[in-house]
Structures are given as C-alpha cells and as structure tokens.
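Structure, as structure tokens:
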Amino acid sequence: MLDPKIPARPLQPSPDRAHILLPLELRRLTYAANGKRVIDDLDLTIAERGITVIMGPNGAGKSVLLRLMHGLIAPTSGEILWGGHSMGREIARRQAMVFQKPVLLRRSAKANIWHALGLRGIDRGEREARVIEALKLAALEGRASIPARILSGGEQQRLSLARALSLEPEVLFLDEPTASLDPASTLSIEGLLIDARHRGIKIIVVTHDVGQARRLAQDIVFLHHGRIAEHQLSESFFAAPQSEAARAFLAGGLVL
Amino acid sequence: MADLTEAFHTALRLIGTLDPKLIGIVLLSLKVSLTAVVIASTIAFGLGGALAVYRFPGRGAVTATISALMGLPPVIAGLFVYLLLSNTGPLGVLQLLYTPMAMIIAQVIIVVPIVGALTRQACEDLLEEYDEQLRSLGASSTAIVRTLLWDGRYRLITAVLAGFGRAIAEVGAVMIVGGNIDHVTRTMTTAIALETSKGNIALALALGIVLLGIALAVNAALMGVRRFALRLAYA
Chain A
358 MLDPKIPARP
368 LQPSPDRAHI
378 LLPLELRRLT
388 YAANGKRVID
398 DLDLTIAERG
408 ITVIMGPNGA
418 GKSVLLRLMH
428 GLIAPTSGEI
438 LWGGHSMGRE
448 IARRQAMVFQ
458 KPVLLRRSAK
468 ANIWHALGLR
478 GIDRGEREAR
488 VIEALKLAAL
498 EGRASIPARI
508 LSGGEQQRLS
518 LARALSLEPE
528 VLFLDEPTAS
538 LDPASTLSIE
548 GLLIDARHRG
558 IKIIVVTHDV
568 GQARRLAQDI
578 VFLHHGRIAE
588 HQLSESFFAA
598 PQSEAARAFL
608 AGGLVL
Chain B
36 MADLTEAFHT
46 ALRLIGTLDP
56 KLIGIVLLSL
66 KVSLTAVVIA
76 STIAFGLGGA
86 LAVYRFPGRG
96 AVTATISALM
106 GLPPVIAGLF
116 VYLLLSNTGP
126 LGVLQLLYTP
136 MAMIIAQVII
146 VVPIVGALTR
156 QACEDLLEEY
166 DEQLRSLGAS
176 STAIVRTLLW
186 DGRYRLITAV
196 LAGFGRAIAE
206 VGAVMIVGGN
216 IDHVTRTMTT
226 AIALETSKGN
236 IALALALGIV
246 LLGIALAVNA
256 ALMGVRRFAL
266 RLAYA
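Going line by line, the protein sequences match chains A and B.
Quick note on numbering: the first sequence equals residues 358 to 613 in my numbering.
Quick note on numbering: the second sequence equals residues 36 to 270 in my numbering.
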C-alpha cells in the first residue's frame with residue numbers, strides 16, 4: 358500500500374516539454390574509432406514526437422549513434438543540435454538512457470531509483486514520492502527492498518526503465534532494451550514505453566526486433582554502414598522500404 | 036621436550052587466567068593497529084577512489100608507486116618514520132619517537148598502500164561497468180567516487196581486514212619506532228621477539244597463540260564477508 362500521506366503525483370513532464378528539445382538535428386556527423394568511421398558523415402533530422410526506432414544490421418553504428426545523441430561520446434566531427442542548441446550538460450540532464458544490459462547498483466531496487474534522483478538533485482521529500490511512483494509503474498512495489506542484482510532479468514530491465522522514467526526525462530533513449538528478455542518481459546517493457554509516449558516523452562530506441570519496431574515505431578531510421586539508408590514513417594517503411602539494405606533486412610536476408 | 040610441554044601449559048594458563056601482563060600487551064597491540072587501520076583506511080578510500088575516477092597528469096606514476104609500496108618491507112617504513120621523528124629529524128620537536136603514536140604512524144604508512152591499491156582496483160572494476168550509466172545520470176566525478184566506494188563496500192571491508200592483518204602481525208617497524216618499552220610500546224610481536232630471546236617461552240607462546248587466533252579470525256571474517264556479498268550478488 359502507498360503511504361496516504363504522500364500525494365500521488367504524475368510522473369510526466371507537461372505534454373509540451375519534449376518540443377523544447379525537438380527537433381534533433383545531426384549535421385555531417387562522423388565518429389571514428391581506431392581509424393574506422395563507425396558513423397560516416399551522417400545527416401538526420403528527427404522532428405516527430407512519439408517513438409523513433411533505429412534499425413540496421415550489426416555493426417551499422419546504431420548504439421554509437423544513440424550514445425552520440427545522448428552525449429556519452431563526442432563526435433569526431435559534425436554537429437548535434439537539440440532544438441537548435443548544441444548538445445551539452447543542460448540538455449543531457451533532460452534526457453535518460455536505458456542500456457541493453459541493465460546497469461544496476463549493488464543496492465536494493467528502491468535505493469537504485471533513490472540514488473539516480475539524488476544525482477539529479479531532487480530533494481528528499483520529492484524523491485520519496487517519485488521512488489514509490491516508479492516502483493509502482495514497474496510493478497516492483499513488492500520487491501522494493503530486494504537487492505537489485507538478484508531480481509530476474511525482466512525485473513532488472515523494468516527497474517532500469519522505471520529509474521530512467523523517474524527522472525522525468527523529455528527524451529528517453531533505449532539501446533536494445535529487450536534483446537535478452539523473454540516475450541512476457543518484452544511486452545511489459547513495450548507497455549511502459551507506450552505509456553511514456555502518451556505522456557509526451559520523446560523515445561528513441563535501437564532494436565533488432567522487426568516485430569518490436571512494427572509495434573512501437575512512429576518513424577524508422579534505417580542505418581547501414583554508419584549512414585542513414587532511409588528515414589520514413591513506420592507504415593511506409595514496412596509497406597515499401599526504399600533502400601536495398603532495408604528490403605533485404607526485412608526479407609530476413611543477411612545484410613552485410 | 037618436557038620444558039616445551041610445560042611452557043605450553045603455562046601459556047594456556049596465562050591466556051585462561053587473563054594474565055594482566057598478557058592482556059596489557061594484547062590491548063596495546065589492538066589499540067595501535069586498529070587506530071592505524073582506521074586512519075589509513077580513511078586516507079586510502081579517498082586516494083583509491085580518486086585514482087580510479089580522476090584523470091590527471093602523473094596518475095599512472097602514483098598508481099604504480101602505491102602498488103609497489105604494497106610490498107614495502109615494514110622495516111623500511113620503520114626506518115623512515117624513525118628518521119622523521121628522531122630528535123634531529125624534521126618532526127623531532129613533536130617528541131613522538133618511542134610512543135604509541137610513532138607506531139601508529141609507521142603502521143599507517145604500511146597499511147595505506149595495501150588498502151589504497153585494493154580500493155583503486157575495486158573502484159576501477161566497478162567503474163568499467165557503471166561508467167556510462169552514471170554519466171547518463173549526470174553524476175559529477177565526486178558523486179561517482181562516492182557511488183563506487185559504497186557499491187564496493189564489501190571489497191573495501193576485505194581490503195581493510197587485509198590491512199589490519201598486516202598491521203597487527205608486523206614487527207620490524209614498531210620495534211624501531213616504538214622501542215619495545217614495557218607497558219608503553221610493547222606489542223605482541225615485539226614482546227614475542229623479546230621474550231623468546233630471554234628464554235621466557237611461555238609468555239611468547241601465549242602471545243603467539245593470541246596472535247594466531249586474531250589472524251585466523253581476520254581470515255574467517257574475510258571469507259564470511261565474501262560469501263555474504265556473493266549471495267546478494269554484490270561481489
């Protein structure tokens with residue numbers, strides 16, 4: 358049961374807040390590691406709200422692109438603009454990210470969320486309320502005091518997503534969040550993402566799973582060899598992919 | 036052989052009756068080493084955590100030095116502190132030579148590299164796993180150090196226990212800077228050395244048994260902490 362003294366509060370930012378950071382513009386973006394251009398002179402504009410899915414074969418640069426957008430790594434050259442502003446600390450604070458393998462601290466489920474809110478400077482009273490709300494969202498109220506790292510794989514990823522959402526981000530990145538989860542856990546993660554989208558959070562998710570892309574995407578960015586092979590609304594992408602690479606990928610072929 | 040058996044019996048009686056002389060030496064040893072370990076750990080946690088997280092010129096050199104000092108012969112630490120505290124030394128005015136404080140200083144110098152190197156290693160291992168997540172959450176470097184130290188708490192406890200084991204068993208440094216003065220700076224190890232050379236095997240044996248017991252207890256605690264941490268997936 359929730360403590361009645363703590364007022365229930367909505368987890369969402371006001372519906373328009375995501376618009377402040379949008380559009381996201383990547384201009385002639387290049388990221389090279391060990392002499393290899395993982396992201397190669399890439400141009401992309403994401404103006405749509407809702408869920409953007411980034412797809413592409415292994416090694417296309419999907420994870421790197423996500424990290425560049427979130428500011429975890431710096432581009433070798435080119436520009437990243439959020440709502441016309443250069444990527445920086447202030448913008449990163451309004452974003453959150455969920456990784457493929459959930460990174461949970463060696464503390465209880467509850468303490469993991471508490472810690473993240475503390476890092477963002479949320480004061481204690483507010484923190485308590487947000488922790489409870491986030492645990493409820495992830496259906497983990499009953500597991501609050503359990504060491505996070507002995508939760509099941511699905512629970513760990515739900516916790517990691519709930520932690521990200523508790524920060525009330527305007528933009529949420531996810532890097533193959535369900536790659537190692539069973540169908541039931543995948544479904545609950547997708548449910549949380551659809552909820553979050555309805556609350557106005559811009560979501561950018563990398564996935565390998567074509568079915569997931571169909572279920573979630575508003576628009577699809579198809580990446581190949583560090584470049585955008587195509588960027589389309591979901592329906593048109595799946596109805597008639599324009600690029601050779603995407604056609605082969607969707608047909609279940611091996612894309613090199 | 037009969038002498039030895041008798042000495043052994045006397046030793047057990049000294050322990051069993053809580054002989055005041057024996058207890059005095061044991062308590063002084065514990066006081067010195069525990070104090071040294073508390074001070075050294077406080078320094079070493081900050082040092083190890085900072086070395087794992089901050090990037091600065093000379094970081095590699097500091098890390099290498101600390102690792103090398105892990106194997107520092109205690110006698111050398113003793114000699115260093117002796118020179119520091121002797122009447123003609125830079126800190127001679129403090130008149131600390133042949134006091135428990137001198138022994139604490141020497142043991143701090145011995146323990147800091149041990150706990151520091153183990154702390155740095157623990158934090159670096161954790162950072163490899165946490166780095167992107169913590170940066171995504173917007174953690175400052177100081178906040179990252181704090182997070183790593185807390186999440187590495189079980190490894191830090193084992194590091195502290197290792198440091199304590201080294202300090203309590205160490206003889207060379209405390210002998211040099213403490214002087215093995217009865218009731219003042221006579222620790223278990225220096226007393227064992229002295230009593231053995233005087234032929235007072237019984238007291239030496241009794242102290243040896245207590246020291247061995249402490250060493251075993253520290254090891255048992257080490258294993259217990261590791262097992263506990265593993266069970267919570269906190270290792």
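Virtual Cβ for every residue (Gly too), placed ideally from N, Cα, C.
In this text, all values refer to a predicted model and were calculated from it rather than measured experimentally.
At a Cβ-Cβ threshold of 8 Å, F579/A and S593/A do not count as neighbours.
With a contact defined as Cβ atoms closer than 8 Å, A501/A and L492/A qualify at about 5 Å. Listed in chain order, the positions of the segment 416-431 of chain A with a beta carbon within less than 7 Å of a beta carbon of chain B are H427 and L429.
Straight-line spacing of the CA atoms in G127/B and V212/B works out to 12 Å. Taking 8 Å as the CB threshold, G259/B stays off the interface with chain A. For R170/B, the closest Cβ of chain A is nearer than 8 Å.
Unbroken beta strand (DSSP E) stretches of 3 residues or longer found wholly inside the segment 396-465 of chain A: 408-412, 434-439 and 452-455, given in chain order. Look at the segment 496-521 of chain A: the residues with a C-beta under 7 Å from a C-beta of chain B are P504, R506 and I507.
At a cut-off of 8 Å between beta-carbon atoms, L529/A makes no contact with chain B. Ranking A256/B, G59/B and L63/B by CA distance to the CA of I203/B puts L63/B first.
The beta-bridge partner set that DSSP reports for F579/A consists of M412/A and E587/A.
For L118/B, the closest of R266/B, T100/B, D186/B and L132/B by C-alpha to C-alpha distance is L132/B. With respect to L522/A, E167/B sits apart: the two C-beta atoms are not nearer than 8 Å. T387/A carries a strand assignment under DSSP once its states are collapsed to helix, strand and coil. Counting only residues of its own chain and dropping the five nearest sequence neighbours on each side, V146/B has a CB closer than 7 Å to the CB of A71, V72, A75, G198, R201 and A202. Under the DSSP assignment, L524/A falls outside any alpha helix (DSSP H); it carries neither an H nor an E label. R394/A carries a strand assignment under DSSP once its states are collapsed to helix, strand and coil. Under the Cβ criterion (8 Å, minimum of three pairs), the segment 452-460 of chain A does not count as touching the segment 386-399 of chain A.
Here the alpha carbons of L229/B and T182/B stand approximately 47 Å from one another.
By the Cβ neighbour-count rule, A241/B is buried, with 16 or more other Cβ atoms within 10 Å of its own. By alpha-carbon distance to L516/A, the top candidate from N415/A, F456/A and G557/A is F456/A.
Close to V460/A, with beta-carbon spacing below 8 Å, are these residues of chain B in chain order: E164, Y165, E167 and Q168.
By the C-beta density criterion, A390/A is exposed, having fewer than 16 other C-beta atoms within 10 angstroms. Per DSSP, reduced to three states, the secondary structure at F115/B is helical.
Within chain B, the C-beta atoms nearer than 9 Å to that of L476/A come from L169, L172, G173, A174, S175, A178 and T182, in chain order. Fully contained in the segment 510-555 of chain A are the following alpha helix (DSSP H) runs of length 4 or more, in chain order: 510-523 and 540-555. With fewer than 16 other CB atoms across the displayed protein chains lying within 10 angstroms of its CB, F263/B is exposed. Rounded to the nearest whole angstrom, the CA to CA distance from W439/A to V67/B is 59 Å.
For the set T154/B, Q156/B and L114/B, the Cα lying nearest the Cα of I140/B is the one of L114/B. Taking the C-beta atoms as reference points, A553/A is found no nearer than 8 Å to A519/A. Contact annotation: the segment 145-159 of chain B touches the segment 186-197 of chain B, with at least three C-beta pairs closer than 8 Å.
Under the rule that a run must span 4 or more residues, the alpha helix (DSSP H) segments found entirely inside the segment 89-153 of chain B read 94-104 and 109-120.
Straight-line spacing of the CA atoms in E382/A and P459/A works out to 28 Å.
Interface with chain A (8 Å Cβ-Cβ cutoff): D186/B is included. The alpha carbon of L590/A has as its nearest neighbour, out of A570/A, R584/A and A602/A, the alpha carbon of A570/A.
Within the segment 466-500 of chain A, the alpha helix (DSSP H) runs of at least 4 residues that lie entirely inside it are, in chain order, 466-476 and 481-494.
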